[in-house]
Amino acid sequence: GDLPQEHARQLTLIWEEATPCFRTHPSELELTAGVELTLRRPPTPLYAIPDVIFAFDGLRCLEVSCHPVAALPAAVGRMKSLKRLVLVSLYLQEIPDEVCDLPYLEQILACCCNIQRIPARMHTCAKMWRLFLDGNMLRELPDPMPGQLEGLKLSGNRLEVLPDSIGDCWRTHDILAYGNALTRIPDSVGRLENLRHLMLHGNRLVSLPESVGQIRGLETLLVHDNFLEAVPEAVADLQRLEWLYVYNNRLRELPRGLTRRGPSLRRRPAG
Numbered sequence: 003g004d005l006p007q008e009h010a011r012q013l014t015l016i017w018e019e020a021t022p023c024f025r026t027h028p029s030e031l032e033l034t035a036g037v038e039l040t041l042r043r044p045p046t047p048l049y050a051i052p053d054v055i056f057a058f059d060g061l062r063c064l065e066v067s068c069h070p071v072a073a074l075p076a077a078v079g080r081m082k083s084l085k086r087l088v089l090v091s092l093y094l095q096e097i098p099d100e101v102c103d104l105p106y107l108e109q110i111l112a113c114c115c116n117i118q119r120i121p122a123r124m125h126t127c128a129k130m131w132r133l134f135l136d137g138n139m140l141r142e143l144p145d146p147m148p149g150q151l152e153g154l155k156l157s158g159n160r161l162e163v164l165p166d167s168i169g170d171c172w173r174t175h176d177i178l179a180y181g182n183a184l185t186r187i188p189d190s191v192g193r194l195e196n197l198r199h200l201m202l203h204g205n206r207l208v209s210l211p212e213s214v215g216q217i218r219g220l221e222t223l224l225v226h227d228n229f230l231e232a233v234p235e236a237v238a239d240l241q242r243l244e245w246l247y248v249y250n251n252r253l254r255e256l257p258r259g260l261t262r263r264g265p266s267l268r269r270r271p272a273g
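For the sequence shown, my numbering assigns the number 273 to the last residue and increments by one with no breaks.
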């Protein structure tokens, strides 16, 4: 599509500064002002991402925010240097499969975009360590997931289950999956030895797997506003656990060991 004038000036500046390097060392375009391109909240809205942008294969970061853009073109797969893709408050329905062709892609932050589908082969993104997909319309996640994930944010979707392969994401520190429709959590979460924060509040959980008690580094467990009838006894043995929220469930009792924890457990509201 045509590029509005204010965007054209920005892109022209990037092009003019990048051109001398690009002529002699095309692979070094990322060393110039062409490293990042942000299209955010302009006077003139973009309804499509201009094709010319995808010719900048030296870009490392592409951010498109707060535009009525309805699709991320397959041409994004040509941006072979891209490491960070930021899509915020757009009108997308999916993330195209071609993002999995980006060999250096490390981060996808696609939030509040109405996304219903992400690529089934997302696990082939070998360098992916951050995946933020909060505020979309996802009903399911690919299985397997990228194995190098450190941060996974899925809040505010329509997910009913998390994939069993999530237990293979051994680097993961944070799983934020609150505000979904989750009815169960896979036993495999017990293998996440580096997990620090597990936030599952505002779902439809009736139970937690006993394996939660195996996550020795867990510091935060938020499971309030569910339908839990019990909390696994082993949760009381999590020595690093500081924040436990279990209110607004169907609990009749808490693990007995919690009363022996004393001040090391900072919050334990129940109900």
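The beta-carbon is built from N, C-alpha and C at its ideal position, and this holds for glycine as well.
Can you give me the C-alpha to C-alpha distance between residue i and residue j, rounded to a whole angstrom?
| i | j | result |
| --- | --- | --- |
| G192 | A179 | 16 Å |
| T185 | R252 | 15 Å |
| R132 | D145 | 17 Å |
| R258 | P188 | 24 Å |
| E195 | T46 | 48 Å |
| S209 | G215 | 13 Å |
| L240 | R198 | 11 Å |
| V90 | E142 | 20 Å |
| H69 | P165 | 32 Å |
| I97 | V237 | 37 Å |
| R62 | M139 | 27 Å |
| L33 | G60 | In this prediction, L33 scores a pLDDT of 30, lower than 50, which makes its location untrustworthy; the coordinate-derived value is nonetheless stated afterwards. When rounded, the distance between both Cα atoms is 8 Å. |
| R173 | E244 | 21 Å |
| F58 | P52 | 11 Å |
| A232 | E255 | 7 Å |
| I217 | Y106 | 30 Å |
| L154 | L246 | 20 Å |
| L161 | L151 | 19 Å |
| G1 | F56 | The shown model of the chain, from 3 to 273, leaves out residue 1, and the question about it has no answer. |
| H175 | D99 | 26 Å |
| A275 | N205 | With the chain covering 3 to 273 only, the question about residue 275 has no answer from this structure. |
| L260 | S167 | 30 Å |
| V54 | S190 | 44 Å |
| T40 | L48 | 12 Å |
| M201 | R262 | 24 Å |
| V163 | T126 | 21 Å |
Please state the DSSP three-state secondary structure of residue i.
| i | result |
| --- | --- |
| I117 | coil |
| V66 | strand |
| L31 | Legend: pLDDT at L31 = 31, less than 50; position of this residue unreliable, no value from coordinates given. |
| L260 | helix |
| A72 | coil |
| A112 | strand |
| F134 | strand |
| L253 | coil |
| D176 | strand |
| V208 | coil |
| G219 | coil |
| T126 | helix |
| P54 | One detail in the question is off: residue 54 reads as Val in this sequence, not Pro. Reduced to three states, the DSSP call for V54 is helix. |
| N90 | One point to set straight first is that residue 90 is Val, not Asn, in the sequence displayed. Residue state, collapsed to three classes: strand. |
| V237 | helix |
| V225 | coil |
| R141 | coil |
| G60 | coil |
| R80 | helix |
| E100 | helix |
| R186 | strand |
| G153 | strand |
Give me the Cβ distance between residue i and residue j, rounded to the nearest whole Å; I'm assuming they're in contact under 8 Å.
| i | j | result |
| --- | --- | --- |
| M147 | C114 | In fact, because the Cβ distance is near 21 Å, the residues do not count as touching under 8 Å. |
| L207 | L230 | 6 Å |
| L87 | V71 | Going by Cβ atoms, the distance from L87 to V71 rounds to 13 Å, so no, they are not a contact pair. |
| R242 | E212 | About 18 Å separates the two Cβ atoms, so there is no contact after all. |
| L94 | A73 | 6 Å |
| N182 | H203 | Contact doesn't hold; Cβ gap of about 10 Å is too wide. |
| G137 | G158 | 4 Å |
Relative to the C-alpha of residue i, which candidate in the options has its C-alpha closest?
| i | options | result |
| --- | --- | --- |
| L84 | H125, L94, V101, T261 | V101 |
| R123 | M139, D103, E244, G137 | D103 |
| P234 | R242, E244, V248, L154 | V248 |
| A50 | D59, V66, A57, R62 | V66 |
| I177 | S167, L156, I217, F56 | L156 |
| H226 | N250, G153, D99, R254 | N250 |
Using a beta-carbon distance below 8 Å, is residue i in contact with chain D?
| i | result |
| --- | --- |
| D227 | No chain D appears in this structure, which consists of one protein chain only. |
Do three or more CB pairs link the segment 111-119 to the segment 75-84 at distances below 8 Å? By the Cβ criterion, the segment 111-119 is not in contact with the segment 75-84, since fewer than three pairs of Cβ atoms, one from each stretch, lie closer than 8 Å.
Check whether the segment 97-111 touches the segment 124-140, taking contact to mean three or more Cβ pairs, one atom from each stretch, closer than 8 Å. yes
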